[in-house]
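Residue numbers (this note's numbering): 336 to 401.
Shown next, in the form of structure tokens:
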């Protein structure tokens, strides 16, 4: 069974990446209101995937280290 725990310390250790993640997520969340050009939308989605994978790896490392 999978055991997912949210560790806030990982996000606090990387303040710049955390702020980019929150900003990117909020911009994509309100995209229907803003309507970015296609190239910028693709760039935002790619950034969100990268940041999600980065934080996923960091959270996984802390889970396996314990």
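Backbone N, C-alpha and C fix where the C-beta goes; we use that ideal spot for every residue, glycine too.
DSSP, read as helix, strand or coil, puts residue 371 in coil. Residue 342 carries a coil assignment under DSSP once its states are collapsed to helix, strand and coil.
In summary, residue 356 is buried, with 16 or more beta-carbon neighbours lying within 10 Å of its beta-carbon over all protein chains present. Relative to the Cα of residue 352, the nearest Cα in the group 389, 342, 381 belongs to 389. Taking 9 Å as the cut-off, the Cβ atoms of residue 358 and residue 369 do not count as close.
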